[in-house]
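**Student:** Have a look at this one.
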Amino acid sequence: MISIVLTGLPGADMRRSVLIGLFAALGSLIEVAMVLVICFTAGDLLGLGVPAWTRPVTGDATVALIVLIILLIVKFALGWAANALSTQVAGAINDALADAMYMGMFQADRNESGNAQRDDEAKPLANQSLAMLSVEGVKAIINYFTGYIPNFVQVMAMMVVTAVTIIPLNWAAGLILILGMGVLPMAANASRKKDVAVQTKQLKQYEHVGLRFEEALRGLNTLKIFHADEREAERLYGDSEGFRRITMAVLAGQLRSLIASDLVIYVSVILAAFIAALTGSGSPEALMTTAIVVIAGVRLFAPERQLVYLTHQAVVAMKQGKAIAAALAVGRNGDATDEVDNNTDEANNNTDEAAQPAEAPAKPQPLNINDGIKAKGLTFAYPNGFTALRDVDLDLPVMGHVAVVGPSGSGKSTLVSLLTGERRDYTGSLRIGGVELRDLTQQQLIDVETPIRGTDHLFSGTLRYNLDPAAHGYSAQAFDNVLRGVDMDREIAGRAGDDNAYDAKVGPQGGNFSGGQKQRLVIARGLLRHTPIYIFDEATSAVDRDHDETLANLMTVLAQNALVVTITHRLAGVRNADQIIVLDHGSVAERGDFDSLLARNGLFAAEWQEQERIENTAAGAANSANSTNSTNTANTIDSTEAAR
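Position one of the sequence shown corresponds to residue 77 (my numbering), numbered consecutively onward.
Right, here's the structure in full:
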């Protein structure tokens with residue numbers, strides 16, 4: 077089963093896989109040759125009859141030993157070369173697929189759940205499915221190109237090896253072994269269609285169980301509140317039991333195939349040995365030939381027996397490879413998605429197709445930000461028909477601080493998704509550096525933009541790892557600068573001490589930091605990138621008022637050398653912005669600086685006054701609570717003293 081979809085995946089190289097198989101076949105040829113040398117040399121020493129054409133080697137034990145050593149060295153060299161090639165193939169596929177799948181998360185046509193989806197696609201992949209593909213799917217693809225394909229090539233070559241080594245000894249025995257090699261796949265695949273159907277069903281059940289478990293885990297609090305956790309546990313048990321049963325069915329199918337293949341192997345070897353002994357009329361030379369047929373025959377069938385087992389793995393690889401191809405849109409002309417089919421017939425019939433590896437696309441040129449960001453008549457509508465942006469015009473400079481504000485549902489988040497390239501199916505024009513955004517690759521955008529969101533992730537580990545997850549090797553001075561910029565330097569030093577501040581522990585999802593501290597650490601991490609565009613998407617939503625001024629000053633300094641775009645609902649953080657754009661129901665309602673918008677007494681002024689009122693009320697309530705607590709504490713102390 078050679079799949080054109082798998083051969084087109086990033087990192088796939090059929091030529092290397094074929095070469096690995098040829099090296100393995102040559103190694104098998106050398107093994108059989110060593111068996112011949114050992115058997116005929118021993119036979120000659122014991123006075124048994126050996127073919128005359130072997131005497132130049134087997135007639136002298138010293139020569140035979142030298143030949144064996146040479147063959148052994150060549151065999152080890154071939155094995156080393158095959159292993160080295162296999163490691164290279166595995167590394168290339170792993171790196172290429174990991175990069176492609178990571179970049180695939182940022183495709184322009186991803187839906188709200190974060191999954192790529194074409195207009196004609198029935199169902200998007202869930203995050204858990206993508207996670208499974210990125211681990212087990214990649215592993216299956218690697219096994220396909222380092223195990224199945226080389227083994228398939230080796231099996232094809234073993235018929236030639238049999239013809240070269242056994243037929244010169246006894247043509248009838250050699251033909252029987254070759255015939256057995258041809259019959260073995262038919263015997264092993266007698267129930268292949270059923271086995272493939274069961275294995276496909278098992279993969280679907282595995283994915284279903286994973287999704288259900290993730291869903292139950294995420295909703296565990298809700299399940300406990302409504303006393304539904306036991307019922308959900310029973311449903312999970314039922315799903316898991318179904319998966320266990322179908323896994324047993326898959327293993328039973330593999331066992332049936334192996335039993336059928338072993339039956340063909342043993343019958344072929346026994347029949348070949350019987351013919352070799354019968355045609356030799358019991359002569360010593362015939363006995364030697366019979367022994368060689370038995371010893372070498374089993375070894376000649378070994379790759380084909382292994383292929384029976386690897387065929388089941390190949391079915392898994394083809395299934396998951398097609399899912400990966402669909403998720404990544406590998407077929408840039410739509411081929412990958414058109415190839416994807418969940419039914420068993422396609423997996424069963426997709427055989428004997430060979431294809432050259434897809435050529436890697438040319439590396440895009442770096443984007444030169446010399447014209448800022450400009451939008452003209454920018455409009456975006458979701459697939460359900462909701463229009464989030466209507467005829468938006470923007471003219472953002474190369475450097476400066478531009479804030480985008482507005483009430484919930486005004487289109488701020490949609491604008492961010494367009495600016496970062498997460499969505500590209502807009503109408504109108506949106507140009508970055510003079511180039512239409514839909515024509516830019518995601519890598520070009522990543523090189524010039526640093527999006528920082530209030531919901532960005534902190535990883536379990538150390539502060540150093542979170543600030544430099546890609547191990548760029550930033551200096552301590554660089555860490556100091558960004559932490560000082562977000563007013564976190566003293567807090568971090570207080571946690572771990574000045575000597576090992578960057579080894580301060582960060583809990584899962586930054587759980588040992590407050591919401592505001594986590595957001596400031598995320599901002600500090602983004603500042604290390606030094607890109608010409610920074611996009612802050614609700615990046616300070618959890619930051620307290622005490623640090624608003626610090627971050628506002630940071631934006632001002634940053635805007636002296638870059639374009640800073642701040643999307644926020646908190647207006648206090650954009651007082652110093654050079655330009656404020658107010659969105660309302662997807663359109664630009666107002667624009668100007670802070671003072672001019674307040675003087676206009678429009679939507680922005682109303683939002684500002686409302687936020688001021690709420691925050692002042694909250695601050696007053698907090699002060700009142702503190703005063704009450706202080707009074708109660710004082711009264712308690714006085715009462716205690718009086719009692720004494």
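Note that the Cβ used here is the ideal one computed from N, Cα and C, for glycine as well.
These numbers come from a predicted model, not from an experiment.
#1: With H, G and I counted as helix, E and B as strand and the rest as coil, what does DSSP make of P459?
#2: Could you check what DSSP says for A615 in three-state terms: helix, strand or coil?
#3: Using C-beta distances below 7 Å, list every residue in its chain close to T730, excluding the 5 sequence neighbours before and after it, in chain order.
#4: Under the DSSP definition of a beta bridge, which residues are partnered with G476?
#5: Which residue marks the beginning of the beta strand (DSSP E) containing G504, and which one marks its end?
#6: Where N418 and I80 are concerned, what is the direct C-alpha to C-alpha distance, given to the nearest angstrom?
#7: Nearest CA to the CA of G87: which residue from G453, L105, G167, L516?
#8: Does DSSP put P132 in a helix, in a strand, or in coil?
#9: Which parts of the segment 585 to 616 are runs of the beta strand (DSSP E), unbroken and 3 residues or longer, counting only runs that do not cross its ends?
#10: With DSSP as the reference, label R320 as helix, strand or coil.
#11: Helix, strand or coil: how does DSSP classify R529 here?
#12: Please identify the residue among G537, V143, D120, W129 whose C-alpha is closest to the C-alpha of M110.
#13: If I follow the unbroken alpha helix (DSSP H) through I445, where does it start and stop?
#14: Does the Cβ-Cβ distance between L253 and T238 come in under 7 Å?
#15: For G397, which residues in the same chain have their Cβ closer than 8 Å to its Cβ, ignoring the five residues on either side in sequence?
#16: Ends of the beta strand (DSSP E) at L209?
#17: Whole-angstrom Cβ separation of L534 and K594, contact assumed at under 8 Å?
#18: If we call anything under 7 Å between Cβ atoms a contact, is S519 one with L443?
#19: Ignoring anything shorter than 4 residues or poking outside the segment 339 to 409, list the alpha helix (DSSP H) runs there in chain order.
#20: Relative to the alpha-carbon of I657, which residue among G448, H477, A100, I522 has its alpha-carbon at the smallest distance?
#21: On the DSSP letters alone, give me the boundaries of the alpha helix (DSSP H) that I106 sits inside.
#22: Exposed or buried, what is A352 when buried is set at 16 or more other beta-carbons lying within 10 Å of its beta-carbon?
#23: Please determine, among R311, L470, D660, the residue with the shortest C-alpha to C-alpha distance to V285.
#24: Once DSSP output is grouped into helix, strand and coil, what is the label at R667?
#25: Per DSSP, what are the beta-bridge partners of E512 in this structure?
#26: For S486, which residues of its own chain have a beta-carbon under 6 Å away from its beta-carbon, when the five flanking residues on both sides are left out?
#27: Looking at P527: is its Cβ nearer than 7 Å to the Cβ of I611?
#28: Give the straight-line distance between the Cα atoms of E197 and N460, rounded to the nearest whole angstrom.
#29: Can you grab the Cα-Cα spacing for the pair V113 / Q330, in whole Å?
#30: For I690 and R646, I'd like the C-alpha separation in whole angstroms.
#31: I need the straight-line Cα distance from S93 to G509, nearest angstrom please.
#32: Cα separation between M394 and L279?
#33: Is DSSP giving L245 helix, strand or coil here?
#34: Can you tell me which of V391, F99, C115 puts its alpha carbon nearest to the alpha carbon of V326?
#35: Cα-Cα, which of I643, N246, T163, G119 is closest to S493?
#36: Please report the distance separating the alpha-carbon of Y550 from that of I599.
**Tutor:** Working from what's here:
#1: coil
#2: coil
#3: Residue 730 is absent from the structure shown; the chain starts at 77 and stops at 720.
#4: In the DSSP assignment, G476 is bridged to L639.
#5: 503 to 508
#6: Residue placement at N418 is flagged as unreliable, the pLDDT there being 41, under the threshold of 50; the coordinate-derived value follows with that caveat. Spanning the two alpha carbons is a distance of roughly 16 Å.
#7: Taking the Cα of G87 as reference, the smallest distance to any Cα among G453, L105, G167, L516 is reached at G167.
#8: helix
#9: 609 to 613
#10: Residue state, collapsed to three classes: helix.
#11: strand
#12: V143
#13: Taken as a continuous stretch (DSSP letters only), I445 belongs to no alpha helix (DSSP H), as it is neither H nor E.
#14: yes
#15: Result list for G397: S79, V81, L82, L85, G213, A216, I217, Y220, in chain order.
#16: That residue, L209, is in no beta strand (DSSP E); it is neither H nor E in DSSP.
#17: 6 Å
#18: Rather than Ser, the amino acid found at residue 519 in this sequence is Gln. No, Cβ-Cβ distance for Q519 and L443 is not below 7 Å.
#19: 360 to 404
#20: Among G448, H477, A100, I522, the Cα nearest to that of I657 belongs to H477.
#21: 90 to 121
#22: buried
#23: R311
#24: strand
#25: R507
#26: L659, D660
#27: Yes, the pair counts as a contact, with Cβ atoms nearer than the cut-off.
#28: Residue placement at E197 cannot be trusted, given a pLDDT of 39 that sits under 50; the coordinates are not used to answer.
#29: 36 Å
#30: 12 Å
#31: 43 Å
#32: Computed Cα separation, rounded: 12 Å.
#33: coil
#34: V391
#35: I643
#36: 16 Å
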